[in-house]
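Peer 1: Attaching a single structure in structure tokens format; questions to follow.
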Amino acid sequence: MTAENYSNVRFAFDIGTNSIGWAVFQLNDKQEATSILNAGARIFSDGRDPKTFEPLAVRRRNVRSASRMRDRYLRRRKRTLDKLIGYGLLPEDKAERDKILLETNDKPSGSTDKKTDPYSLRARALEEKLPLAYVARALFHIGQRRGFKSNRKADRKSNEKGKIAAGIEELSGLMHQSHAPTLGAYLAKRREEGHVVRLRASSEALTNKAYAFYPERAMLEDEFHKIWQAQAEYYPDVLTKEREEELFHVMFFQRPLKEQKVGLCTLVEGELRLPKSDPLFQQFRLYKEINELAIILPDLSQRKLTMEERDTLITLMRPAKTKTFAALRKALKIPAGGRFNKETENRKQLTGDEVYSVFSKPELFGGDWAKFSIEQQREIIDQLNNEENPDKLEEWLKNKFPKLSDEQRSEIINANLPDGYGRFGITATSKILEQLKKDVISEAEAAHRCGFDHSLANRNWKGLDELPRYQEVLERHIVPGTGDKNDIYDIYKGRLTNPTVHIGLNQVRRLTNRLIKAYGKPWQIVVELARDLPMSSEERKEHNKTLNDNIKAGFERTQKLERLGQKDNANNRLLLKLWEELGKDPDDRKSIYSGTRITEPMLFSGEVEIDHILPFSLTYDDSYANKILCLREENRIKRNRAPADVTEWKDRYDEIIGRSKNCQRTNKNVLGPMQ
Numbered sequence: 001m002t003a004e005n006y007s008n009v010r011f012a013f014d015i016g017t018n019s020i021g022w023a024v025f026q027l028n029d030k031q032e033a034t035s036i037l038n039a040g041a042r043i044f045s046d047g048r049d050p051k052t053f054e055p056l057a058v059r060r061r062n063v064r065s066a067s068r069m070r071d072r073y074l075r076r077r078k079r080t081l082d083k084l085i086g087y088g089l090l091p092e093d094k095a096e097r098d099k100i101l102l103e104t105n106d107k108p109s110g111s112t113d114k115k116t117d118p119y120s121l122r123a124r125a126l127e128e129k130l131p132l133a134y135v136a137r138a139l140f141h142i143g144q145r146r147g148f149k150s151n152r153k154a155d156r157k158s159n160e161k162g163k164i165a166a167g168i169e170e171l172s173g174l175m176h177q178s179h180a181p182t183l184g185a186y187l188a189k190r191r192e193e194g195h196v197v198r199l200r201a202s203s204e205a206l207t208n209k210a211y212a213f214y215p216e217r218a219m220l221e222d223e224f225h226k227i228w229q230a231q232a233e234y235y236p237d238v239l240t241k242e243r244e245e246e247l248f249h250v251m252f253f254q255r256p257l258k259e260q261k262v263g264l265c266t267l268v269e270g271e272l273r274l275p276k277s278d279p280l281f282q283q284f285r286l287y288k289e290i291n292e293l294a295i296i297l298p299d300l301s302q303r304k305l306t307m308e309e310r311d312t313l314i315t316l317m318r319p320a321k322t323k324t325f326a327a328l329r330k331a332l333k334i335p336a337g338g339r340f341n342k343e344t345e346n347r348k349q350l351t352g353d354e355v356y357s358v359f360s361k362p363e364l365f366g367g368d369w370a371k372f373s374i375e376q377q378r379e380i381i382d383q384l385n386n387e388e389n390p391d392k393l394e395e396w397l398k399n400k401f402p403k404l405s406d407e408q409r410s411e412i413i414n415a416n417l418p419d420g421y422g423r424f425g426i427t428a429t430s431k432i433l434e435q436l437k438k439d440v441i442s443e444a445e446a447a448h449r450c451g452f453d454h455s456l457a458n459r460n461w462k463g464l465d466e467l468p469r470y471q472e473v474l475e476r477h478i479v480p481g482t483g484d485k486n487d488i489y490d491i492y493k494g495r496l497t498n499p500t501v502h503i504g505l506n507q508v509r510r511l512t513n514r515l516i517k518a519y520g521k522p523w524q525i526v527v528e529l530a531r532d533l534p535m536s537s538e539e540r541k542e543h544n545k546t547l548n549d550n551i552k553a554g555f556e557r558t559q560k561l562e563r564l565g566q567k568d569n570a571n572n573r574l575l576l577k578l579w580e581e582l583g584k585d586p587d588d589r590k591s592i593y594s595g596t597r598i599t600e601p602m603l604f605s606g607e608v609e610i611d612h613i614l615p616f617s618l619t620y621d622d623s624y625a626n627k628i629l630c631l632r633e634e635n636r637i638k639r640n641r642a643p644a645d646v647t648e649w650k651d652r653y654d655e656i657i658g659r660s661k662n663c664q665r666t667n668k669n670v671l672g673p674m675q
């Protein structure tokens, strides 16, 4: 850096979810701050609903989706009407068509003549010759409410899926019991008996876990063909096979789901990322997770896994969806008191191969899955991920694997595969996995051995006059755009899917460039990020819940201090909090140093003190994690030593470690000896 290119100023940013606090400092020749030139705050929307934390784009997208569905319905209805007029089933004159419509509309519930309502016409069309206009009315009515069509990709995670499936099964059973050849015939009979025929009019649909009945698209498609073929016997020149196929396509066409955009590999330029359901990704993730495990022994010393231990865990984890750390410790015969580095109070298990564990089940492919090549496995998974129609998928499985039973095919079709994509494409994943298998090394080390630059840290961005858009820097880390320069920038280049981060980064760019214009390019930019900035809506809700729980707990401690007649100050609240974290049950709250029970009255009697586990005089660590309650006498014995260095406690050190595990908050990171 030279003084010619950079000003002797520092920009400082405190970036939150909907604000940026900023300051500009004047620096001296030693780059030390001497004064504040300016400061302020930039306020902006975080792009989320303040109550639900859902992105505002979700609401807009839902409105657009409903509008598009309505438009498509109206266009489909118009095309159907045009075809029926063109075939000669309906008159061209609108007045005559309106007269037919009035004659064949739904009759009120008290009406005695229901022979010409749409449901009756749909039933009669199977058994007797109807005027062409009535045939058209029956077909048009089918097209208005054409039933539910399952889409495997969209329905896989839907909460409604079970209710709908149960409703369809219930309706099929009712149709079979009533000997109704079609849905229309069944609904006509139900209408005659005074029952509702529309799902939304049924109170059962609102009160039951499953819908009382639910029409399936296949039922309406079958009815369309049966009505057409029955009436074609009377009108062979009008109701031809060619017209049947043409009208069927107009009435029942459903556009395929839009393909999900896939990000680019962060290591190999131009290559798409692997889906997490790919067998290669699953192997990569499993080797990475297990290679990065370390064993922490009872004396808190730590060591990596040996090659033999790593391979033992791979063999154990490959066919398992999850395994507890206790099971892994048992497999490696780790002594009592030992644990894994990734093992915490909140993480009790490790995830195995999520694909192998599913498809190797006896009710799916069983032992055959392991015999398939990775290309064969990938072909199966690609079909499951991309084929929307379950019937076509079942047909493909029948032809490809004729030995599979109906039950096995059904289980395979409904298999739950992991969603999302990894960070690397097939080339980088294959090369890094090869290195991970050869040695017990981390992902970063494996990438380094492959010659990959595993981060953007070494990229040289010097010489820019202002901060560029984040897409220029993070191009390989975001979902790609259209690539069409005629589109607006975010669509052309792509963008981060988290709206809060997207807005925040753009605001940082705007603010930085405004300050550069005013003060020149800074010598340094210092940034502090709010913890909740990159969080999703679910993570934000969980974070807020934790904050609210802490506020509630603090209020309860204030009330307790008032009842006990103690001052409501920070030290007394800390005493209560540390005491509560010694165990859920007050009777089990003991000093970890001696096992002596600490009761509530002892907290304010002088018998108990707050101890710095690692001495403050040596570490200057006054953090909450370095504090615990102990008896005053124990603190006098411990003096300025770590628990592991207290010679008087050598014989009971394992007991201290054991008691620390019963705490609501573990202090495992600071219970070792001083380094």
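Heads up, the sequence shown is in the numbering used here, so the first residue is 1 and it goes up one at a time. Note that beta-carbon positions come from the ideal geometry of N, C-alpha and C, so glycine has one too. Source: prediction; values computed, not measured.
Where does the unbroken beta strand (DSSP E) through Thr34 begin, and where does it stop?
Peer 2: 33-43
Peer 1: Return the chain-ordered list of same chain residues with a C-beta closer than 7 Å to the C-beta of Glu289, the five sequence neighbours on each side being excluded.
Peer 2: Sequence-distant Cβ neighbours of Glu289 in its own chain, meaning closer than 7 Å and more than five residues away, are Leu350.
Peer 1: Out of curiosity, what's the CA-to-CA distance linking Lys400 and Arg124?
Peer 2: 43 Å
Peer 1: Would Leu206 be called buried (16 or more neighbouring beta carbons within 10 Å of its own) or exposed?
Peer 2: Note that Leu206 scores a pLDDT of 44, beneath 50, so its modelled location is shaky; the value from the coordinates is reported in the next line. Under this definition Leu206 is an exposed residue.
Peer 1: Are there 16 or more other CB atoms within 10 angstroms of the CB of Gly167, so buried, or fewer, so exposed?
Peer 2: buried
Peer 1: For Ser605, which option in Gly565, Gly595, Asp587 has the closest C-alpha, if you only look at C-alpha atoms?
Peer 2: Gly565
Peer 1: Helix or strand or just coil, what does DSSP make of Lys189?
Peer 2: helix
Peer 1: By DSSP's criteria, Trp22 is part of a beta bridge. Which residues make up the other side?
Peer 2: Phe13, Gly40
Peer 1: Could you work out which residue in Lys83, Lys438, Leu171 is closest to Glu242 when comparing CA atoms only?
Peer 2: Lys83
Peer 1: Please state whether DSSP places Glu216 in a helix, a strand or coil.
Peer 2: strand
Peer 1: Could you pull the start and end residues of the beta strand (DSSP E) that Arg303 belongs to?
Peer 2: Where Arg303 is concerned, the enclosing beta strand (DSSP E) starts and stops at 302-304.
Peer 1: Which ranges would you report for the alpha helix (DSSP H) in the region 625-665 if only whole runs of at least 4 residues count?
Peer 2: 632-638, 653-660
Peer 1: Could you give the residue range of the beta strand (DSSP E) that holds His612?
Peer 2: 608-612
Peer 1: I'd like to know whether the C-beta atoms of Arg137 and Thr182 end up nearer to each other than 8 Å.
Peer 2: no
Peer 1: Have a look at Gly422, Tyr186, Lys371 and flag the residue whose alpha-carbon is nearest the alpha-carbon of Ser280.
Peer 2: This sequence places Leu at residue 280; Ser is not what is there. Nearest to Leu280 by alpha-carbon distance, out of Gly422, Tyr186, Lys371, is Gly422.
Peer 1: Please work out which residues of its chain come closer than 7 Å, Cβ to Cβ, to Val262, disregarding the five sequence neighbours upstream and downstream, and give them in chain order.
Peer 2: Leu272, Arg273, Tyr421
Peer 1: With three or more C-beta pairs closer than 8 Å as the rule, is the region 293-304 touching the region 511-521?
Peer 2: no
Peer 1: For Tyr214, which residues in the same chain have their Cβ closer than 7 Å to its Cβ, ignoring the five residues on either side in sequence?
Peer 2: Phe148, Ile164, Gly167, Ile168, Leu171, Leu199
Peer 1: Would you call the region 3-17 in contact with the region 25-38, where contact means no fewer than 3 C-beta pairs closer than 8 Å?
Peer 2: yes
Peer 1: Return the chain-ordered list of same chain residues with a C-beta closer than 6 Å to the C-beta of Gly21, the five sequence neighbours on each side being excluded.
Peer 2: Counting only residues of its own chain and dropping the five nearest sequence neighbours on each side, Gly21 has a CB closer than 6 Å to the CB of Asp14, Ala41.
Peer 1: Taking Cβ to Cβ, would you say Leu578 is nearer than 8 Å to Leu629?
Peer 2: yes
Peer 1: Quick check on Gly494: does DSSP put it in helix, strand or coil?
Peer 2: strand
Peer 1: Which residue comes first and which comes last in the alpha helix (DSSP H) that contains Asp286?
Peer 2: In the sequence as displayed, the identity of residue 286 is Leu instead of Asp. Taken as a continuous stretch (DSSP letters only), the alpha helix (DSSP H) holding Leu286 covers 279-291.
Peer 1: Tell me which residues share the same chain as Pro118 and place their Cβ nearer than 7 Å to its Cβ, disregarding the 5 neighbours each side in the sequence.
Peer 2: Excluding residues within five positions, the ones whose Cβ falls inside 7 Å are Thr104, Asp106, Arg137, Ala138, His141.
Peer 1: Would you report the Cα separation of Lys258 and Gly494, rounded to the nearest angstrom?
Peer 2: Between Lys258 and Gly494, the C-alpha separation is close to 16 Å.
Peer 1: Output the boundary residues of the alpha helix (DSSP H) element that contains Glu103.
Peer 2: 94-103
Peer 1: For Arg310, count neighbouring Cβ atoms within 10 angstroms of its own Cβ and tell me buried if that reaches 16, exposed if not.
Peer 2: buried
Peer 1: What residue ranges within the region 371-429 form continuous alpha helix (DSSP H) runs of no fewer than 4 residues, ordered along the chain?
Peer 2: 374-386, 390-400, 406-413
Peer 1: May I have the straight-line CA-CA distance separating Lys545 from Glu633, to the nearest angstrom?
Peer 2: So the alpha carbons of these two residues sit roughly 39 Å apart.
Peer 1: For Ile295, list the residues DSSP reports as bridge partners.
Peer 2: Arg303, Phe340
Peer 1: So, do the region 587-601 and the region 614-621 have three or more beta carbon pairs nearer to each other than 8 Å?
Peer 2: no
Peer 1: Go through its chain and collect everything with a Cβ distance to Lys323's Cβ below 7 Å, but skip five positions before and after it.
Peer 2: Leu316, Met317, Gln349, Leu350, Gly352
Peer 1: So the candidates are Asn386, Glu445, Arg75; which of them puts its Cα closest to the Cα of Pro256?
Peer 2: For Pro256, the nearest C-alpha among the options comes from Asn386.
Peer 1: Would you mind working out which of Ile432, Ser430, Trp369, Pro418 sits nearest Leu404, comparing C-alpha positions?
Peer 2: Trp369
Peer 1: Return the residue from the list Gln559, Ile551, Leu511 that minimises the CA-CA distance to Asn38.
Peer 2: Looking at the Cα atoms, Leu511 is the closest of the given residues.
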